[in-house]
Amino acid sequence: MTSVALPSRAVPTARLSSFYFFYYAALGAFTPYWSLYLQSREMSVTAISVMMSLWYATRVVAPSTWTSLAAVSPHPIRWLRIGCVLTIACFAGFLVPAPPWTLYAVMIAFCFFYNAVMPQFESITLTHLGADSHRYGMIRVWGSLGFIIVVTLFGWLIEKQGASRLPWMMLPLFVLMTGSAFFNRYARNISTHRHHDGGFWSIVRQKPVLAFFIAAFLEQLSFGPYYTFFSLYMDQHGYSTSLLG
66 MTSVALPSRA
76 VPTARLSSFY
86 FFYYAALGAF
96 TPYWSLYLQS
106 REMSVTAISV
116 MMSLWYATRV
126 VAPSTWTSLA
136 AVSPHPIRWL
146 RIGCVLTIAC
156 FAGFLVPAPP
166 WTLYAVMIAF
176 CFFYNAVMPQ
186 FESITLTHLG
196 ADSHRYGMIR
206 VWGSLGFIIV
216 VTLFGWLIEK
226 QGASRLPWMM
236 LPLFVLMTGS
246 AFFNRYARNI
256 STHRHHDGGF
266 WSIVRQKPVL
276 AFFIAAFLEQ
286 LSFGPYYTFF
296 SLYMDQHGYS
306 TSLLG
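Numbering of the sequence shown is given in this note's numbering, commencing with residue 66 and proceeding in unit increments.
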C-alpha cells in the first residue's frame, strides 16, 4: 500500500511573526536606551543599576508564574492578552511626572508582565508548528528584524528629541504588540508530559543540563553590564545616539 503524505499544518505565519516583531521592537528600544532615559530623569548610576536589575529579577519569576496560570486555565490565551494589557497599563506609569522612588514600583510591575508573555507565546507558536518545528526560525527572525529597525530608528529620534521622550515613543509598540496578541491563539491543547520518574532534580543534575544552565547563566551575566552601562559609556565618550543605535 502506498502511503500518502499529509499536508503540512496551516500556520498563521503573519500573525505569529507580528507578535515577535512588535515584542522585540519594543525590546530594541528598551535595552540600549532605557539607561539613557533614566539618566535624563537625573538618576545616579547606582540607581540606574538597581532599576535595570529589576528587569532581570522579574525574569526569574514572571515566566514560570504566568505559564503556570495559563496551564491550568480553560482559556489560556486570555493570560497572554491580560499580560499584554497589563504591560501597557504599568508602562503608562513612566508617562506621568512622579517622584523618582515611585519608578521602582512601576519598573517591577512593568518588567514582570513584559517578561511574562513571551515564554507563553513561544508555546503558542509551537502548537501551530507541531512537527514542522524547523519553520520556527522563519517566524522568529521577524523579532530580530523589529529589534534592528527600532534600535536604528530610535537612536536617530533620541538624538533629535532627547531620551526623555523614550516612553512616549515606545508606547505605540506595546499597543501594537497587544493588538497582535488578540489576533493570535493556540492551535490545540497542550498535552501534559509524563512525570519523570526521578523528579525534577534528577534531570537538573545531568551533566548536559548543568552545562546548559551554566552557559545560560554566564550569558545573562554578560548582558547585565552590557545593556545597563554600555550606552552610558558611549554617551560619556561623545558618541552620538544615532551612532550608538
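Glycine included, each C-beta is placed from N, C-alpha and C at the ideal position.
Outcome for residue i when other beta-carbon atoms lying within 10 angstroms are tallied against a minimum of 16
i	result
Gln226	exposed
Pro164	exposed
Trp166	exposed
Ile204	buried
Val171	buried
Thr217	exposed
Gly208	buried
Whole-number beta carbon distance between residue j and residue i, since they are thought to touch under 8 Å
i	j	result
Asn180	Ala127	4 Å
Met235	Leu222	So it is not a contact: roughly 11 Å between Cβ atoms.
Ser105	Gly220	With a Cβ gap of about 15 Å, Ser105 and Gly220 do not count as contacting.
Ser305	Ser100	So it is not a contact: roughly 16 Å between Cβ atoms.
Gly211	Val182	The pair is not a contact, with the Cβ atoms about 15 Å apart (cut-off 8 Å).
Own chain, CB closer than 7 Å to residue i, minus 5 neighbours either side, in chain order
i	result
Leu71	Residue placement at Leu71 cannot be trusted, given a pLDDT of 38 that sits under 50; what the coordinates show is reported in the next sentence. Nothing listed; no residue qualifies.
Trp144	Trp131, Leu134, Ala135, Ser138, Gln185
Ile173	Leu119, Thr123
Val274	Ile268
Thr78	Ile204
Endpoints, the alpha helix (DSSP H) within which residue i is located
i	result
Ala196	Note, Ala196: premise wrong, no alpha helix (DSSP H); not H, not E.
Ser287	272 to 301
Val137	Taken as a continuous stretch (DSSP letters only), Val137 belongs to no alpha helix (DSSP H), as it is neither H nor E.
Identity of the residue in the options nearest residue i by Cα
i	options	result
Leu238	Arg230, Val215, Pro165, Arg200	Val215
Val115	Ala90, Tyr292, Ala228	Tyr292
Gln285	Tyr121, Asp197, Arg80, Ala91	Tyr121
Ala228	Pro290, Asn249, Leu309	Leu309
Tyr85	Tyr102, Ser129, Gly202, Tyr98	Gly202
Met299	Val76, Pro97, Gly148, His193	Pro97
The ligand NAP heavy atom lying under 7 Å from the CB of residue i
i	result
Arg270	Absence of the ligand NAP from the depicted structure is noted, as is the absence of any ligand whatsoever, leaving it without description.
Residues near residue i in its chain [Cβ-Cβ closer than 8 Å; skip 5 each side]
i	result
Phe175	Thr152, Cys155, Phe156, Gly158, Phe159
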